[in-house]
Structure formats: C-alpha cells, structure tokens
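Q: Mapping of the sequence shown onto this note's numbering: residues 20 to 251, in sequence order. No residue lacks a Cβ here, since even glycine has one placed at the ideal position from N, Cα and C. Have a look at this one.
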Amino acid sequence: MINADPQELRKFEAIAHRWWDTHSDFKPLHAINPLRLNYIDERAALRGKHVLDVGCGGGILSESMVRRGANVLGIDLGEAPLSVAKLHALDTQIDIHYRCISVEDLAQEMPEQFDVVTCMEMLEHVPDPSSVVRACANLVKPNGHVFFSSINRNPKAFLMAIVGAEYVMNMLPRGTHEYAKFIKPSELEFAARQAQLTIRDVSGLTYNPIFQNYRVGKDIDVNYMMHFTKEA
Ligand code: SAH
C-alpha cells in the first residue's frame, strides 16, 4: 500500500500550473524559500552534496539548492507538480533530476545514498508521516543531514495557519490544510528518534502580516523547521 492520500495529491495537481507564479497560491512558499534555503545551507553546506528533496512539488526549493552547488534529485507523487518542475528546469537550464516515486520505494532502491534529505511542507499532507520520516532516515548516509518542516498543532496554529491564511488573508486556497494532520515538534522528534535521527535544531518561521514578511526565530507555535543528523 502506498503512503499517500489521493485527495491531498489532487489539491496540488489542480493548482500546479501556478507553481512559479510568485503572486499565486504558492506565494508563501516563494516567500519562505530564501529563509529555509539559508537554514539548510548553513547547517549542511550544500555545495557538492547529493541532496534528495522529498515532496518537491514544482521545485522551488530543489532548484534553489542546485544554485547553491548541490546535486539534487526531487521526488513527488503528483504528476502535474513534477511536470511543472521538469519544464521549469528546462526553461532555466538547470541541471536537476525529478522522479515520480514514493519516498518509501526510493528508500528500498537507494539506501544511504544522500548527504542531505529535505522534506518541507509535506508531512502534514501524508497519511502516515512516521513512515516518511523512517524512509528519509534510511535514504541519508550515516552522519548525513535531514530537514523537515511542518505546522504545529495547537489553537494558535489553527487560528494562524487555517483561519488566518485560508479565510482572512486568502493566502492559501481553502482546504489546503487540515488541522488534525498538523504535527507537533515533539511528535516529529519522537518519530525521528525512533529512526535513529538525532535532533540538532528546531526553529520557527513566523509571518508578520503588517510587513508581510517571514523570519526565522524561536517561536515554533505555528510553522517550524527541524534539523536532524543520522547516527553513524
Ligand atoms: N516541498 C515543496 C512543496 C510543498 S507542497 C516546497 O516546500 O516547496 C506539498 C507537496 O507534497 C506537493 O507537491 C504534493 O504533491 C506532495 N505530496 C503530498 N503527498 C505526498 C506523498 N504521499 N508523497 C509524495 N509527495 C506528496
């Protein structure tokens, strides 16, 4: 059985053509990209590294990591997002690889082949996130780096990520996120620890609606990123 929710995949299929439009539903991903890219690069020194981007979508993060000198494979189970990613890479003449394969299947095929595995804004769309965490842990080399980002589960996250972003500010299409699928950092850390990953950092990504910008900081109440390394 494949660890994917067809309804979740359809949500992204439907809007994939707007992936690289920085004023579209994907505006927030474009806005946070430089911040998360720096976070990853500062911790894992991307230049020359073999990187796997899980749930890469249209390739916003994947392409930016190539620009930092990484060798990137992006995987996703959405056909339309992957087509957009491939076309965009042709357009920008960037050397990158994309495949439509589940992270669990790739873990069977390429165990311990990557220096860095990134899996951003994807776990909260998957039926069994801990299976994705385990697969990412299998794919990374010993001493390699794994990065996740997701949305915390508490009343403030509900207010900001669903009511605020989808209903008040109209930043995301309604129904993009389901509260019950949000993941507490402690839950993600537990799943990672079970998979032999050691936590190195957790940082928040906060949105300032007045200045309409994001910053990385200590507030992990809503959006957050986590950095792990694999025990040798
Ligand atoms: N990681 C990218 C895209 C996030 S959008 C970024 O942060 O820029 C979420 C992506 O997860 C979509 O492209 C969607 O197709 C993908 N996705 C959802 N469920 C998935 C699954 N079970 N396996 C692989 N990809 C999945």
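Would you say S121 and N22 are within 8 Å of each other, going by their C-beta atoms?
A: yes
Q: Under 7 Å from any heavy atom of the ligand SAH, does the C-beta of A23 make it?
A: yes
Q: Mark D134 as exposed unless 16 or more other C-beta atoms lie within 10 angstroms of its C-beta, in which case mark it buried.
A: buried
Q: Is K105 helix, strand or coil by DSSP?
A: DSSP places K105 in helix when its eight states are reduced to three.
Q: Going by DSSP, what residue range makes up the beta strand (DSSP E) through M139?
A: F133 to M139
Q: What does T225 pair with, by DSSP beta-bridge criteria?
A: R234
Q: Whose C-beta lies closer than 6 Å to the C-beta of G97 among residues of the same chain, with five residues either side of it excluded?
A: L28, F31 and E32
Q: If you draw a straight line from the C-alpha of H196 to the C-alpha of N171, how long is it?
A: 12 Å
Q: Please tell me whether, using a cut-off of 7 Å, the distance from the CB of V85 to the nearest non-hydrogen atom of the ligand SAH is below it.
A: no
Q: Could you pull the DSSP bridge partners for M129 from this structure?
A: None, per the DSSP bridge assignment.
Q: Do you know offhand how far F177's Cα is from Y198's?
A: 6 Å
Q: Please identify the residue among L65, G74, R62 and Y58 whose C-alpha is closest to the C-alpha of C155.
A: G74
Q: With distances taken Cα to Cα, identify the nearest neighbour of E82 among L109, I202 and A99.
A: L109
Q: The beta strand (DSSP E) with K68 in it runs from where to where?
A: Note, K68: premise wrong, no beta strand (DSSP E); not H, not E.
Q: What three-state label does DSSP hand R193 in the structure shown?
A: coil
Q: Starting from the Cα of G236, find the closest Cα among R37, I229 and M245 and give me that residue.
A: The shortest CA-to-CA distance from G236 to any of R37, I229 and M245 is the one to M245.
Q: Mind checking who V159 pairs with in its DSSP beta bridge?
A: Bridge partners of V159: F133.
Q: Whose CB is closer than 6 Å to a heavy atom of the ligand SAH? List the residues in chain order.
A: N22, A23, E27, L28, F31, L48, G74, C75, G76, I79, L80, D95, L96, G97, P100, S121, M139, E140, M141, H144 and V145
Q: Go ahead and label H164 buried or exposed: buried means 16 or more other beta carbons lie within 10 angstroms of its beta carbon, across all protein chains shown.
A: buried
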